[in-house]
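Novice: Sharing a structure here in structure tokens format.
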Amino acid sequence: MTRQSPNQQNRNEAAKKLRGARLWSKFSLLFERLAPAALPFMIVVGLFLIVSWFGLFRSVGDLARIFIGFGFVLAALASLSALRTFRMPTRDEIDRRLERDNKLMHQPITVQDDRLAVGTDDFAQTLWALHQKKLAGQISDVEGAKARTDIPERDPWAIRVLVPLLLVIGFAFSYSTNGGRISDVFFSHDQEEQIAARIDAWITPPSYTGVAPIFMTSDINAERQQFSAPEGSKIVVRVSGGSGTEQVSFPDTGSIIEAMDNSTSSGNSTARQFEVVARQSGQLSILPDANLAAASNEQSLQQWSLVISDDNAPEIAFDGNVERAVNGAMTLNYIANDDYRIASGEALITLADKPAENARPLYEAPDIALRLPRRNDEGKAKTSVNLTEHPWAGARVNLQLRVEDDLEQTGYSETIETVLPGRPFSNKLARALIEQRRNLALDANNGRAVYDMLDLFTLYPEETINNTAHFLGITTIKSKLRYANSDEDLRGVVDYIWEVARNIEDGGLSDAERRLKDAQQALRDALENGASDEEIEQAMNELREAMQEYLQEFARQNQNNPQNQQSQNNAQQLDPQSLDEMLDRLEEMAKSGAREQAMDMLSQLQDMMNNLQMAQPQQGQQGQQNQAQQQMNELGEILRQQQELMNDTFRRSQRPEDGGQEGQQGQQGQGEQPNGQQPGDSQQGQRPGQGQQGEQGQGGQQQGQNGQGLQGLAPGQQALQNRLEQFMQELEGMGINPGEAFSDAERSMGEAGDALGEGSGDQALSDQGEAMDSLRRGAESMMQQMEQQAQQQGQGSSSEPGGQRNAQDRDPLGRPQRSSGPDFGDDVEVPDEIDVRRAREILEAIRKRLGDGALQQLEKDYLERLLDLN
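So for the sequence shown, the working numbering puts the first residue at 11; every next one is plus one.
This is the structure:
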């Protein structure tokens, strides 16, 4: 074998690569010329397949089928005409395409096959071989040409893509019941045989039963002739193909079931669906014709026997007695069962005592939705509900449980008589108010009796009511009840009675204390139930917030109530840092798994909250608070006497001998005391802080009531007006602005006295009512100003020698009490340069404001007083 030189090997490899490139380019040129020419024919063939597979030839008549078929033949022949211009690519065309696509200069591929036309001597041949060799170096990396057709220019919208897409869809549709075949174009409709009927039947039980659907025509149930299903199951029969006259009969009566509207038909293939809800057992038959309603087994296409099981009504019964929790919550234990599922349950409550015929209850019975038992609980369940705030709480009622299933069948328990648990009240006055609230809520016609009872509560307030705020609350209830004109107003009275009773029982700590108790209980439940660390942390955060709110409210209440600020050597003090450390240790124990120790510490913390007491404030603060308390008591006494005067005016205006209209219907709350004594006749039990003015006012009132008719009440009204005037002067001495409310009350009292002197009872009552409203508004303004003064006086701080502060100068959180500061002899801080500059800026702003010419006189006087103070 002759060994080739390296140059010869390179030339052979280049020639081999050139042959491959030429072959690839030949196929590319062939595709470029054949694809545009064959595309119309391929589209025609594709459309024919699509029309065939979609069953068009089955759904049209023979004439249309033949016409469409010939149309496709002619279109196919016409599309082949483009192939007449088709010719195979030559070698020169392939080489030129390679040189053009590879961007080769001087035709290096063509030169390799060229021969010298002249000059065949050795020198010319050698020179020509060198030239071919040089150009052969350019074709060492030649690549085959890529096919590029002009189809996109002919179809810029790419409509041609729809043909293969519809081909795929049509091919899949051809395997369905209504799909077509390619051969459909060659056969007439009349020559096709009838498609045999296909029957699909299944039973769908109601979803609430939890029973799985039953496919009666499945292979596994092919030999079964009897099926069981719950009542209310839906039977569905679908008949595909056949003659189209098939019918379904159910039950044994032979009644025909109408086909559903969603029945479909395509060509000679019909698919119809029949549905019926089974309520009773019977035979389900598929008949070949509607005339065979009572078909036998031989005549029926298919027949099954269905046994429908009845759905019985649910049952429920009490499981033990009604339980009552300490906080008044009620727990109902019961057993409830049903064949499948109970949809809902409730407790029915009615009054045990038959109400009066004309009774007008303001509230409906409370609604109690029962918790439904789970299927694995043997029907046992319990429902806890807190009805302590409902107006019916404490009433004797009949209690019955009711359940309902999904078929709206109901079941009832036995009826028991019980008392709706109410909130336990330890205060006698609060209990009495709650009883009257219930009487009013159960019958609006009891409004007059309730008013009379409230009148008795306030007959001798100095003996029965030891708190002015409680007396004002009951007086407000009476006023609201007197002027209630609708059931909605009466419901507002019922709600207000609850608030007053709760305030009497709990004081001002009601909401804060309730939140603290709820937070403590939530943490206790989390510890007992093994809650996660995230839940423990959330419960601890809620406890911290609730405790902070409770301590702040407790401190504020004790500072505003001197009666609770008694000196206690063992008064418990809580330092904020110590309290935080205790809460941190509790949380750490809970998260580390020491749940029992955490619960013990929680109990200790709860005991500390219960035993918390306030230290005694400074004497100066005590004296000012005693003075404020005296003014509150004085205002309460004025309100009480004005209410009694209003009651006397109303009673005397109803007497015929006093000018009233005989037979007029009395308002709620009228009535006299035994032996003719009026509510305001007593001189005993003078309230603290009343003083000499109180004696004069009461003496004047007594003298007025001993007179005859409405004119006899005028001196008492005048004396009460004078007492209010002196009260307003005392407020100004304390630095409290009486405001417009007390001025309006004084004016209304004067107008009421004039009306009494003239014997005009209606006008006097109107003026007295306005006076009462103005007094209440004035009381609210007075309380706000007193609270602001207390806050301002509590901003200072004092320290004992050695830097140690007396424990009695701190609140439960270890913060300074409001009984300290410069006003009580504590150290006065010398203002620094910044404070002096700030004061100078304020004075400059006041002088600039005074220079405004559009300033009103009232504001101008106020600003001038500020400068005088400076």
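Note that beta-carbon positions come from the ideal geometry of N, C-alpha and C, so glycine has one too. All of these numbers come straight from a predicted model, not from anything done at the bench.
1. Decide if the region 82-96 is in contact with the region 217-226; the criterion is three or more beta carbon pairs, one per stretch, under 8 Å apart.
2. So the candidates are ASN657, LEU90, GLY603 and LEU49; which of them puts its Cα closest to the Cα of PRO174?
3. Give me, in chain order, the residues of the same chain whose beta-carbon lies closer than 7 Å to that of LEU382; leave out the 5 immediate sequence neighbours on both sides.
4. Whole angstroms are fine: how far does the CA of ARG75 sit from the CA of LEU28?
5. The alpha helix (DSSP H) spanning VAL173 covers which residue range?
6. Does DSSP put SER243 in a helix, a strand or coil?
7. Just to confirm my understanding: we take PRO324, look at its own chain, exclude 5 residues before and 5 after, and list those with CB closer than 6 Å. What are they?
8. Can you name the start and end residues of the beta strand (DSSP E) that THR422 belongs to?
9. In the DSSP output, what is LYS364 paired with across the bridge?
10. Taking the beta strand (DSSP E) that MET340 belongs to, which residues open and close that run?
11. Please tell me whether LEU430 and GLY404 are closer than 8 Å, where the distance is taken between their beta carbons.
12. Taking GLN652 as the reference, which of ARG384, LEU785 and ASP516 has the closest Cα?
13. Report yes if the C-beta distance between ALA781 and SER758 is below 8 Å; otherwise report no.
14. Which residue comes first and which comes last in the beta strand (DSSP E) that contains ASN408?
15. Quick test of your reading: ASP777 and ALA765, contact by CB under 8 Å. State the CB separation rounded to the nearest angstrom.
16. How should GLY861 be labelled, buried or exposed, when 16 other C-beta atoms within 10 angstroms of its C-beta is the threshold for buried?
17. Output the residue ranges of the alpha helix (DSSP H) runs that lie fully inside the region 452-538 and measure 4 residues or longer, sorted by chain position.
18. Relative to the C-alpha of PHE181, which residue among PRO371, GLU472, LEU57 and TYR560 is closest?
19. Drop a sphere of 10 angstroms on the beta-carbon of ILE192, count the other beta-carbons inside from all chains shown, and report buried for 16 or more, exposed for fewer.
20. Looking only at its chain, what residues have a beta carbon closer than 7 Å to the beta carbon of ILE161, apart from the 5 residues adjacent to it on each side?
21. Examine the ligand MN and report whether any of its heavy atoms sits within less than 7 Å of the Cβ of ASP535.
22. Over the uninterrupted beta strand (DSSP E) stretch that includes GLY292, give me the two end residues.
23. If you follow the alpha helix (DSSP H) that ILE161 is part of, which residue opens it and which one closes it?
24. Suppose you measure from the CA of SER238 to the CA of LEU358; what does that come to, to the nearest Å?
25. Nearest-angstrom Cα distance between ASP321 and GLY292?
26. For the region 496-515 against the region 448-456, are there 3 or more C-beta pairs whose distance is under 8 Å?
27. Let me know the secondary structure DSSP gives TRP402 once reduced to three states.
28. Label TYR493 either buried or exposed according to how many other C-beta atoms from any shown protein chain fall within 10 Å of its C-beta, with 16 as the threshold for buried.
29. Pick helix, strand or coil for THR100, following the three-state DSSP scheme.
30. Exposed or buried, what is GLN727 when buried is set at 16 or more other beta-carbons lying within 10 Å of its beta-carbon?
31. Of the residues LEU90, SER791, ILE179 and ILE230, which one's Cα is nearest the Cα of PHE752?
32. Rounded to the nearest angstrom, how far is the Cβ of VAL195 from that of GLY79, given a contact under 8 Å?
33. Could you work out which residue in GLU555, MET656, GLN614 and ILE245 is closest to LYS488 when comparing CA atoms only?
34. Within 10 angstroms of its Cβ, does LYS36 collect 16 or more other Cβ (buried), or is it exposed?
35. Excluding the five sequence neighbours on either side, which residues of its own chain have a C-beta within less than 7 Å of the C-beta of MET793, listed in chain order?
Specialist: Reading it off the structure:
1. no
2. On the sequence shown, residue 174 is found 164 positions in, with the first residue counted as 1. For the residues ASN657, LEU90, GLY603 and LEU49, the minimum Cα distance to PRO174 belongs to LEU49.
3. Here residue 382 is taken as the residue at index 372 of the sequence shown, counted from 1. Taken in chain order, the residues that qualify are ILE352, GLY355 and ALA391.
4. Within the sequence shown, numbered from 1, the residue matching residue 28 stands at position 18. Within the sequence shown, numbered from 1, the residue matching residue 75 stands at position 65. Approximately 55 Å between the Cα atoms of the pair.
5. Your numbering for residue 173 matches position 163 in the sequence shown. Counting along the chain, the alpha helix (DSSP H) containing VAL173 begins and ends at 172-183.
6. Here the question's residue 243 lines up with position 233 in the sequence shown. Note: SER243 maps to coil in three-state DSSP.
7. Taking the first residue of the sequence shown as 1, we reach residue 324 at position 314. Correct list, in chain order: ASP348, ILE352, VAL413, ASP415 and GLY421.
8. The residue you call residue 422 lines up with position 412 of the sequence shown. Note on residue identity: the sequence assigns Tyr, not Thr, to residue 422. That run of the beta strand (DSSP E) goes 420-422.
9. As a working mapping, residue 364 is identified with position 354 in the sequence shown. Paired residue(s): none; LYS364 is not in a bridge.
10. Counting from one through the sequence shown, the residue named residue 340 turns up at place 330. 340-347 is the extent of the beta strand (DSSP E) around MET340.
11. For this step, residue 430 is matched to residue 420 along the sequence shown. For this step, residue 404 is matched to residue 394 along the sequence shown. Yes, the pair counts as a contact, with Cβ atoms nearer than the cut-off.
12. Residue mapping note: residue 652 aligns to position 642 of the sequence shown, counting from 1. With distances taken between Cα atoms, GLN652 lies closest to LEU785.
13. As a position in the sequence shown, residue 781 is number 771, starting the count at 1. As a position in the sequence shown, residue 758 is number 748, starting the count at 1. Yes, the Cβ-Cβ distance between ALA781 and SER758 is below 8 Å.
14. Translated into positions along the sequence shown, residue 408 becomes position 398. Taken as a continuous stretch (DSSP letters only), the beta strand (DSSP E) holding ASN408 covers 406-415.
15. Here residue 777 refers to the residue found at position 767 when the sequence shown is read from its first residue. Here residue 765 refers to the residue found at position 755 when the sequence shown is read from its first residue. So it is a contact: roughly 6 Å between Cβ atoms.
16. Here residue 861 refers to the residue found at position 851 when the sequence shown is read from its first residue. Exposed, since its Cβ has fewer than 16 Cβ neighbours within 10 Å.
17. 457-467, 471-474, 478-492, 497-516 and 520-538
18. As a working mapping, residue 181 is identified with position 171 in the sequence shown. Nearest option by C-alpha distance: LEU57.
19. The sequence position of residue 192 within the sequence shown is 182, counting from 1. Its Cβ having fewer than 16 others within 10 Å, ILE192 is exposed.
20. Taking the first residue of the sequence shown as 1, we reach residue 161 at position 151. Contacts found: ALA45, PRO46 and LEU49.
21. This structure simply doesn't include the ligand MN, nor any ligand for that matter.
22. Taking the first residue of the sequence shown as 1, we reach residue 292 at position 282. Looking at the DSSP string, the run of the beta strand (DSSP E) that includes GLY292 is 292-297.
23. In the sequence shown, counting from the first residue as 1, residue 161 sits at position 151. From DSSP, the alpha helix (DSSP H) with ILE161 extends over 161-164.
24. Residue numbering aside, residue 238 sits at position 228 when the sequence shown is read from its first letter. Residue numbering aside, residue 358 sits at position 348 when the sequence shown is read from its first letter. So the alpha carbons of these two residues sit roughly 37 Å apart.
25. Position 311 of the sequence shown holds residue 321. Position 282 of the sequence shown holds residue 292. Rounded to whole angstroms, ASP321 to GLY292 spans 17 Å at the Cα level.
26. yes
27. In the sequence shown, the residue the question calls residue 402 occupies position 392. TRP402 falls in the coil class under three-state DSSP.
28. Here residue 493 refers to the residue found at position 483 of the sequence shown. Exposed, since its Cβ has fewer than 16 Cβ neighbours within 10 Å.
29. Position 90 of the sequence shown, counted from the first residue, corresponds to residue 100. The answer is coil: DSSP assigns THR100 none of H, G, I, E or B.
30. Mapped onto the sequence shown, residue 727 falls at position 717. By the neighbour-count rule (16 or more Cβ atoms within 10 Å), GLN727 is buried.
31. Here residue 752 is taken as the residue at index 742 of the sequence shown, counted from 1. Out of LEU90, SER791, ILE179 and ILE230, SER791 has the C-alpha closest to the C-alpha of PHE752.
32. Along the sequence shown, read from residue 1 onward, the residue named residue 195 stands at position 185. Along the sequence shown, read from residue 1 onward, the residue named residue 79 stands at position 69. Going by Cβ atoms, the distance from VAL195 to GLY79 rounds to 5 Å, so yes, they are a contact pair.
33. Within the sequence shown, numbered from 1, the residue matching residue 488 stands at position 478. Minimum Cα distance to LYS488 is reached at MET656.
34. Taking the sequence shown and counting its residues from 1, the one referred to as residue 36 is at position 26. The residue in question, LYS36, is buried, as its Cβ has 16 or more Cβ neighbours within 10 Å.
35. What you label residue 793 is simply residue 783 of the sequence shown in a count that begins at 1. Cβ neighbours of MET793 beyond the five flanking positions: none.
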